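Only one structure is covered here, and it is reproduced in the block below.
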Amino acid sequence: MKRLVTVFMIVFGTFMAMGAFAQEQNYGNMISQKDDGTYFYMRSSLEMVYIESEYFPNKELVDNSWNNYMDPDKNFPNQYNKHGADIGMVNIGSTENVSDKEVEARLTRYINNNKIANRLVMRWFNYNKHGKVNYDIDYPENPDAKINMQTVFERGYYTVNAGDENVAMTAQKRDMDVQIKELSMKLLPFTFMTFTKLKFYENEPVARAVRDAAIAVAKVAHDNSIKNGMDPKVANFKYNLAEIAAYSVYNATKDGYTLVSDTWLYELVWDEETEWFFNNEVLKNPKLMESSDKFKMKYIDHQSNKSTVIISATRSFEQIINLTMVRNLNKVFIKLQNRNDVFKVWTPLLDFYSLVSPDVTAPITVNGKIITAEIGTKEGLRGGEQFAVVDEDGNFYGYAIAQKGKIWDNGGGTGEDAPEMYVPQVDKKGNPVTATTFKGKKLKNARTGLMLVNPTPPKRMRVAARIGTKEGVEDKDKFNVYQYDAKSKKLKKAGSVTVVKGKVWDNIYFNNTNLELKTKEQRAKENVTLKKRDKEGLRTTETLFKGSCKVQPGMFLRKVK
Numbered sequence: 187m188k189r190l191v192t193v194f195m196i197v198f199g200t201f202m203a204m205g206a207f208a209q210e211q212n213y214g215n216m217i218s219q220k221d222d223g224t225y226f227y228m229r230s231s232l233e234m235v236y237i238e239s240e241y242f243p244n245k246e247l248v249d250n251s252w253n254n255y256m257d258p259d260k261n262f263p264n265q266y267n268k269h270g271a272d273i274g275m276v277n278i279g280s281t282e283n284v285s286d287k288e289v290e291a292r293l294t295r296y297i298n299n300n301k302i303a304n305r306l307v308m309r310w311f312n313y314n315k316h317g318k319v320n321y322d323i324d325y326p327e328n329p330d331a332k333i334n335m336q337t338v339f340e341r342g343y344y345t346v347n348a349g350d351e352n353v354a355m356t357a358q359k360r361d362m363d364v365q366i367k368e369l370s371m372k373l374l375p376f377t378f379m380t381f382t383k384l385k386f387y388e389n390e391p392v393a394r395a396v397r398d399a400a401i402a403v404a405k406v407a408h409d410n411s412i413k414n415g416m417d418p419k420v421a422n423f424k425y426n427l428a429e430i431a432a433y434s435v436y437n438a439t440k441d442g443y444t445l446v447s448d449t450w451l452y453e454l455v456w457d458e459e460t461e462w463f464f465n466n467e468v469l470k471n472p473k474l475m476e477s478s479d480k481f482k483m484k485y486i487d488h489q490s491n492k493s494t495v496i497i498s499a500t501r502s503f504e505q506i507i508n509l510t511m512v513r514n515l516n517k518v519f520i521k522l523q524n525r526n527d528v529f530k531v532w533t534p535l536l537d538f539y540s541l542v543s544p545d546v547t548a549p550i551t552v553n554g555k556i557i558t559a560e561i562g563t564k565e566g567l568r569g570g571e572q573f574a575v576v577d578e579d580g581n582f583y584g585y586a587i588a589q590k591g592k593i594w595d596n597g598g599g600t601g602e603d604a605p606e607m608y609v610p611q612v613d614k615k616g617n618p619v620t621a622t623t624f625k626g627k628k629l630k631n632a633r634t635g636l637m638l639v640n641p642t643p644p645k646r647m648r649v650a651a652r653i654g655t656k657e658g659v660e661d662k663d664k665f666n667v668y669q670y671d672a673k674s675k676k677l678k679k680a681g682s683v684t685v686v687k688g689k690v691w692d693n694i695y696f697n698n699t700n701l702e703l704k705t706k707e708q709r710a711k712e713n714v715t716l717k718k719r720d721k722e723g724l725r726t727t728e729t730l731f732k733g734s735c736k737v738q739p740g741m742f743l744r745k746v747k
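Numbering follows the numbering used here, with no gaps: position 87 of the sequence shown is 273.
Following this line, the structure appears as structure tokens:
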């Protein structure tokens, strides 16, 4: 037991510093450079909870849309880890005509009475009250232990390619270096929780009530004016103008529906006191994670947002609600991030080594002057990448460069990004593309069977990131670019970029797509239209930017307010 506690003291001894990191907002501590020059990028964790509400029209569709949003494979914001404590839905009584402050008070009581902070901590350590041992020193991810480090290790080792969920850590290895453990633990102070209340109503009754109230006010003003001696013609003229204005507003606002959301943001408190308690008490008795009152949540902010739902002939009502839900909650998160530095997120730029593995190899096929290889977007190619060409004995023949506009789109995808949702990729003659075309550079005696090895970046890396409409990105949005400085372990501003018009990744999932629909008739019946590819024949799976920024490893974006 002494050895166990000693190791945990080393691992969790970083928590005091982590609390300071959270207060000072040194986000550089969530990034770490590996020996090979690539970067670990760690995301904050988020638990989203739905506040049960009274019945409203189309509540079932709205509830389904919320469930859609919660799916990490669909619309859950990929800039956060879904924490997975499975709180789900809470009932704090009727919230109709209840002030925001009162809802906050009820939520805080609910959190304290139901030990929600404890549940977040238990989720971090996959607490198993039936575990045979407190902690397995040789196998920290042991599912039969009361404390299991699997989640902590996994979330501490996302590569900079956030959104691709490429877990680079070796969770299955038993011998974990203390430094690696410390890196993983930096995420705990960045654990957040939101409670969201939704309301959905038809616009016409509201618009009608506003119209009628405006006309009633105008009528009173009209009658009073005549009583006070105003010329009836003038009074009637003013009344008619007011009535016309009221109907004009009514006609402009009566169509569609409105989705209103209210979101309350909390964070898990991990301060010096909590750290000491965990190190000195919980490690000896993990059951305290269930029963202790030491774990707390802190209220941060509240944000309301209203979205108009306009009926569309090209999308089903369900799709429209899904789209509105995503856009509404995205705006909520953006506003909360802008107002609360601790909740802000960093988006990694896609540098070459986060796209293309240095171990990528492939044999070439030579047909006359045309050189091809069966690698493509799945291997990170976008065009301009250079490979060395060697034979089976390692003899060097020259170079081959992947040709822009002739990259094979062999990547996978789900939902709206699935290959089946796009028109087939064909060449200029209409033939299916089944390989990437390369151009030789100082390449002599090229023949089929030679190997492409040692990929290097193109002369000019395009500025791209895996965020899009789901994260509220729009044409011409401006982002600051920050470079991670390994020496100071801080992010320093390195320039700014702007979203290229028409190059925003549409990554919203509509949940009404049947990928088995193959015929035009079936697609038309289900309102499914195949998406067009870009001018280079590829699917749009990232947003492009322009600006004075040379892409390098360890670069991150933050949206300008």
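The beta carbon of each residue, even a glycine, is placed where N, CA and C say it ideally should be.
Nothing here was measured: the structure is a model prediction, and the numbers come from that model.
Spatially closest choice to residue i from the options, by CA coordinates
{"i": "Asn304", "options": "Val468, Lys592, Ile694 and Pro534", "result": "Val468"}
{"i": "Val639", "options": "Glu602, Asp579 and Asn693", "result": "Asp579"}
{"i": "Pro610", "options": "Asn410, Gly415 and Arg725", "result": "Arg725"}
{"i": "Val410", "options": "Arg397, Lys424, Leu384 and Phe339", "result": "According to the sequence as given, residue 410 is Asn; it is not Val. Closest option to Asn410, Cα to Cα, is Lys424."}
{"i": "Thr281", "options": "Gln265, Gly635, Lys383 and Asp330", "result": "Lys383"}
{"i": "Tyr670", "options": "Gln738, Pro326 and Asn581", "result": "Gln738"}
{"i": "Gln265", "options": "Lys332, Tyr539 and Gly658", "result": "Gly658"}
{"i": "Thr642", "options": "Pro544, Pro263, Ser478 and Ser477", "result": "Pro544"}
{"i": "Met275", "options": "Asn426, Asn283, Ile302 and Asn334", "result": "Ile302"}
{"i": "Glu390", "options": "Gly415, Val403 and Tyr436", "result": "Tyr436"}
{"i": "Glu560", "options": "Gly569, Arg568 and Ile550", "result": "Ile550"}
{"i": "Gly626", "options": "Asn581, Ile556 and Tyr608", "result": "Ile556"}
{"i": "Tyr296", "options": "Phe665, Gly635, Lys679 and Val235", "result": "Val235"}
Simplified DSSP state of residue i, which is helix, strand or coil
{"i": "Val392", "result": "helix"}
{"i": "Lys736", "result": "coil"}
{"i": "Thr460", "result": "helix"}
{"i": "Met256", "result": "helix"}
{"i": "Asn755", "result": "No information on residue 755 is available, as it lies outside the stretch 187 to 747 that the chain covers here."}
{"i": "Leu724", "result": "coil"}
{"i": "Leu374", "result": "helix"}
{"i": "Leu427", "result": "helix"}
{"i": "Val235", "result": "strand"}
{"i": "Glu565", "result": "helix"}
{"i": "Lys359", "result": "Here the model assigns Lys359 a pLDDT of 35, short of 50, so the residue's position is not dependable and the matter cannot be decided."}
{"i": "Arg744", "result": "strand"}
{"i": "Asn553", "result": "strand"}
{"i": "Leu730", "result": "strand"}
{"i": "Ile694", "result": "coil"}
Span separating the alpha-carbon of residue i from that of residue j
{"i": "Phe624", "j": "Thr563", "result": "14 Å"}
{"i": "Asn422", "j": "Ala431", "result": "14 Å"}
{"i": "Trp456", "j": "Arg513", "result": "32 Å"}
{"i": "Gln489", "j": "Lys676", "result": "30 Å"}
{"i": "Thr294", "j": "Trp532", "result": "29 Å"}
{"i": "Val307", "j": "Glu238", "result": "24 Å"}
{"i": "Glu290", "j": "Asn277", "result": "13 Å"}
{"i": "Lys717", "j": "Glu606", "result": "9 Å"}
{"i": "Glu429", "j": "Ile496", "result": "25 Å"}
{"i": "Arg744", "j": "Asn524", "result": "10 Å"}
{"i": "Trp691", "j": "Leu373", "result": "28 Å"}
{"i": "Phe731", "j": "Asp398", "result": "48 Å"}
{"i": "Ala393", "j": "Ile401", "result": "12 Å"}
{"i": "Gly688", "j": "Ala331", "result": "51 Å"}
{"i": "Asp257", "j": "Glu459", "result": "35 Å"}
{"i": "Lys492", "j": "Ala548", "result": "52 Å"}
{"i": "Leu535", "j": "Leu232", "result": "22 Å"}
{"i": "Met335", "j": "Gly616", "result": "52 Å"}
Proximity below 9 Å, CB of residue i to CB of residue j
{"i": "Ala822", "j": "Thr729", "result": "A question about residue 822 goes unanswered here, because the residues of the chain that appear run from 187 up to 747."}
{"i": "Ser230", "j": "Phe376", "result": "yes"}
{"i": "Phe378", "j": "Tyr452", "result": "yes"}
{"i": "Lys385", "j": "Ser447", "result": "yes"}
{"i": "Gly270", "j": "Thr380", "result": "no"}
{"i": "Gln577", "j": "Tyr583", "result": "Residue identity check: residue 577 is Asp in the sequence provided, not Gln. Yes. Within cutoff."}
{"i": "Val686", "j": "Cys735", "result": "no"}
{"i": "Tyr313", "j": "Met483", "result": "no"}
{"i": "Asp663", "j": "Val552", "result": "no"}
{"i": "Tyr695", "j": "Asn508", "result": "yes"}
{"i": "Asn328", "j": "Met511", "result": "no"}
{"i": "Pro472", "j": "Arg568", "result": "no"}
{"i": "Leu515", "j": "Val575", "result": "no"}
{"i": "Gly740", "j": "Asp537", "result": "yes"}
{"i": "Val612", "j": "Trp594", "result": "no"}
Contact test: residue i Cβ vs the ligand PLP heavy atom, cutoff 8 Å
{"i": "Phe503", "result": "Among the components of this structure there are no ligands whatsoever, and the ligand PLP is therefore not found."}
| task | For the stretch 462 to 540, list the alpha helix (DSSP H) runs that are entirely contained and at least 4 residues long, ordered along the chain. | result | Listed in chain order, the complete alpha helix (DSSP H) runs (minimum 4 residues) inside the stretch 462 to 540 are 474 to 477 and 503 to 525.
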